[in-house]
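Worksheet: one structure, shown below.
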Amino acid sequence: MSSSLELIALPAFGFLSLGVQVCSLKTDTPQLIEPGCTYQILRFPFSEECTDAFAMHEEDQPDGYVVTDWATDDRSGLIWPSTSGWGHLYAVIQWEPASATGGYTELRDQFVRDPLGLTPCPNDTTATEHRAPTVGMQCFAKNWGCFVNPETPLALRVAHNDCSPRSLVLAEFKLSIHPAD
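What follows is the structure in C-alpha cells.
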C-alpha cells in the first residue's frame with residue numbers, strides 16, 4: 001500500500017481506504033442576487049448535504065462561529081477544507097431568465113479563498129468568468145484546481161448586471177482534496 005494512502009473511519013461506511021476527501025453541496029432553494037458589480041456568496045443548507053463525511057460544511061465552524069440561519073448568513077456558503085492538498089473545485093449555476101426590459105447582458109461567477117476576511121490574505125479569487133447570456137436557460141458548469149488548506153475557507157460567488165434582482169435557482173459547489181506531498 002502507498003504511504004500517501006490512509007485508512008479513514010467513516011461511521012456510515014465502516015473503514016474505507018481513501019486518499020481523496022470530498023464535500024458536495026447542492027441547493028435548489030432560489031437565492032435572490034442583487035444587481036451590480038458586487039459578487040455575492042452562494043449559500044447552502046446544512047441538512048441537505050449530498051456528501052460531507054469530512055465535516056467541511058458545518059454549522060459549528062472551525063473558528064468557533066455558529067451559523068444559525070443558512071439562508072441569511074454568508075458563512076453557510078463556506079467550505080473549510082479538512083486537510084491541505086490539491087483541491088478540485090466544481091460548480092453548477094442556473095439563473096432565472098433576465099428581466100423583459102433592462103435584462104442582464106453579463107453573468108459572473110468565481111471561486112474565492114477567504115471571501116469574508118477571516119485570514120491575512122482575504123478575497124483571493126480564481127476562475128473568474130464573465131458570460132453573456134445564451135438562448136434558453138442560463139446553466140453553467142465550471143471546475144478549477146488550486147492548493148487548499150484547513151485555515152482558509154472557500155466559497156462560490158456570483159454577480160449579474162440586470163436592472164432588477166435575479167434569482168439563482170440551482171447551485172452546486174463541490175471540493176475534492178487530493179494528497180499533495
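Mapped onto this note's numbering, the consecutive letters of the sequence shown carry residue numbers 1 to 181.
The beta carbon of each residue, even a glycine, is placed where N, CA and C say it ideally should be.
Please name the residue, chosen from Leu89, Thr51 and Asp74, that lies closest to Gln61 on a Cα-to-Cα basis.
Nearest C-alpha to Gln61: Asp74.
Suppose only complete runs of 3+ residues qualify. What are the beta strand (DSSP E) ranges in the region 98-167, listed by chain order?
Listed in chain order, they are 107-113, 124-131, 138-148 and 154-160.
For Gln138 and Ile33, what's the separation of their Cα atoms in angstroms?
Near 14 Å, if we compare the C-alpha coordinates of Ile33 and Gln138.
Which of helix, strand or coil does DSSP assign to Asp60?
Asp60 falls in the strand class under three-state DSSP.
Taking C-alpha atoms, which residue in Pro150, Val135, Glu129 and Ser47 lies nearest to Asn143?
For Asn143, the nearest C-alpha among the options comes from Glu129.
Around the C-beta of Tyr220, are 16 or more other C-beta atoms found within 10 angstroms, so that it is buried, or is it exposed?
Nothing about residue 220 can be read from this structure; the chain reaches only from 1 to 181.
Using alpha carbons as the reference points, say which of Ala91, Ala141, Pro153 and Trp95 lies closest to Cys121.
Answer by Cα proximity: Pro153.
If I measure Cβ to Cβ from Asp63 and keep anything under 7 Å in the same chain, skipping five residues before and after, which residues do I get?
Closer than 7 Å at the Cβ level, and outside the excluded window around Asp63, lie Leu118.
Looking at the strands, I want to know which residues DSSP matches up with Glu90.
It is worth fixing the name first, because residue 90 is Tyr in this sequence and not Glu. In DSSP, Tyr90 forms a bridge with Asn143 and Lys174.
With which residues is Cys23 paired in a DSSP beta bridge?
The partner list for Cys23 (beta bridge, DSSP) reads Leu175.
Hey, out of Pro150, Val67 and Phe44, whose CA is closest to Ile177's CA?
When each option's Cα is compared against that of Ile177, the closest is Pro150.
Sorted by chain position, which residues of the same chain lie with C-beta nearer than 6 Å to Phe173's C-beta, five sequence neighbours on each side aside?
So the qualifying residues of the chain are Leu25, Ala91 and Leu156.
Tell me, which residues are paired with Leu32 by DSSP?
DSSP, once it has assigned bridges, lists Ser167 as partnering Leu32.
Mind reading off the beta-carbon distance from Cys146 to Thr125? Whole number of angstroms is fine, and I expect it under 8 Å.
Rounded, the Cβ-Cβ distance is 11 Å, inconsistent with contact.
For Thr134, which of Ser47, Cys23 and Glu96 has the nearest alpha-carbon?
Checking every option, the nearest Cα to that of Thr134 belongs to Glu96.
Taking Val148 as the reference, give the member of Pro45, Asp181 and Gly87 with the closest Cα.
The candidate whose alpha carbon is nearest that of Val148 is Gly87.
Taking the C-alpha atoms as reference points, what is the distance between Ser164 and Ile41?
C-alpha separation (whole angstroms): 18 Å.
Within its chain, find whatever has a CB closer than 6 Å to the CB of Thr51; leave out the 5 residues flanking it on each side and keep chain order.
So the qualifying residues of the chain are Val22 and Ser24.
Can you grab the Cα-Cα spacing for the pair Thr68 / Glu58, in whole Å?
Going by the C-alpha atoms only, they are around 11 Å apart.
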